[in-house]
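S.K.: Attaching a single structure in structure tokens format; questions to follow.
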Amino acid sequence: MNHYIINQYDFNLIYAKKLVEDLTDLQMTITPFPGFENHPAFTLGHLVTGSAMMADDLGGTFLIPEGWADLFLRKGPGDPRLPSPDYKLYPPKKNLIDELERQHEKVKTLLLSIDEKKLSEKIKWRFNNYMPTVLDLAIFMCINHEAMHLGQLAAWRRAMKLKSALAEI
10 MNHYIINQYD FNLIYAKKLV EDLTDLQMTI TPFPGFENHP AFTLGHLVTG
60 SAMMADDLGG TFLIPEGWAD LFLRKGPGDP RLPSPDYKLY PPKKNLIDEL
110 ERQHEKVKTL LLSIDEKKLS EKIKWRFNNY MPTVLDLAIF MCINHEAMHL
160 GQLAAWRRAM KLKSALAEI
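In the numbering used here, the protein residues as written are 10 to 178.
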């Protein structure tokens, strides 16, 4: 089962890289219109924190670079904080991609080593009424959560009048 999650998770990483490969560090924090405040720098950093949280839920450690939690952790819909458009506040694109890759590798290693008993454990989180187990959480975080945010990046690219990244894969 876990290899299916990993296949999708790997695809999400490929797509994330493609979505930003032609952007400069300055472009990474542009907000073209209201509603597109989750710019690429924030989105990649947010995915880093999501993967770090997933590693923690799988028995690993939540570990991200210093200062990133303040920039990228959010409490979900309703969190009033918006990403800043000041590119100087954010790590360079290369650092964001490198850290996203590291976090993905950590989660994949944990998914490959975890036992079925741990995956079937109940977990307390905001959607546990719908997805009550560690396995449910892993599927959501590695596939759905990432895909939702990558869809935001794809829409951001359209708003910026940039070519489709998915067409390039």
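All C-beta atoms, glycine included, are put in the ideal place defined by N, C-alpha and C.
Only counting runs of 4 or more residues, tell me where the alpha helix (DSSP H) segments fall wholly within the segment 70 to 106, in order along the chain.
M.R.: The segment 70 to 106 contains these whole alpha helix (DSSP H) runs: 77 to 81.
S.K.: Decide if the segment 112 to 128 is in contact with the segment 140 to 149; the criterion is three or more beta carbon pairs, one per stretch, under 8 Å apart.
M.R.: Judged by Cβ distances under 8 Å, the segment 112 to 128 makes contact with the segment 140 to 149, as three or more pairs qualify.
S.K.: Is it buried or exposed, Lys97, if we count other Cβ atoms within 10 angstroms and call 16 or more buried?
M.R.: Per the 10 Å Cβ criterion, exposed.
S.K.: Any idea what DSSP makes of Lys131, helix, strand or coil?
M.R.: Strand.
S.K.: Can you give me the C-alpha to C-alpha distance between Leu28 and Leu162, rounded to a whole angstrom?
M.R.: When rounded, the distance between both Cα atoms is 7 Å.
S.K.: Evaluate the contact criterion for the segment 49 to 60 versus the segment 109 to 117: three or more CB pairs, one atom per stretch, below 8 Å.
M.R.: At 8 Å Cβ cutoff, the stretches touch.
S.K.: DSSP state of Thr142, grouped into three classes?
M.R.: DSSP places Thr142 in strand when its eight states are reduced to three.
S.K.: With the cut-off set at 9 Å, would you say Ala25 and Glu155 are in Cβ contact?
M.R.: Yes, they are a contact pair.
S.K.: Where does the unbroken alpha helix (DSSP H) through Gly160 begin, and where does it stop?
M.R.: Where Gly160 is concerned, the enclosing alpha helix (DSSP H) stretches over 155 to 168.
S.K.: Would you say the segment 158 to 177 touches the segment 46 to 54, given that touching needs at least three Cβ pairs under 8 Å?
M.R.: Cβ pair count under 8 Å is three or more, so yes.
S.K.: Determine the contact status of Trp165 and Asn21, defining contact as a CB-CB distance below 9 Å.
M.R.: For Trp165 and Asn21, no; Cβs fall outside 9 Å.
S.K.: Measuring straight from C-alpha to C-alpha, what distance separates Pro141 and Lys131?
M.R.: Their backbone Cα atoms lie some 5 Å apart in a straight line.
S.K.: Assign Asn11 to one of two classes, buried (16 or more other C-beta atoms within 10 Å of its C-beta) or exposed (fewer than that).
M.R.: Buried is the call here.
S.K.: Given this structure, state the Cα-to-Cα distance separating Pro89 from Phe45, to the nearest angstrom.
M.R.: If I take the Cα positions, the gap works out to 14 Å.
S.K.: Assuming Lys102 contacts Met169 (C-beta within less than 8 Å), just tell me the rounded distance between them.
M.R.: Contact flag wrong, Cβ pair sits at about 15 Å.
S.K.: In this structure, does DSSP put Pro49 in helix, strand or coil?
M.R.: Looking at Pro49 - three-state DSSP - the assignment turns out to be helix.
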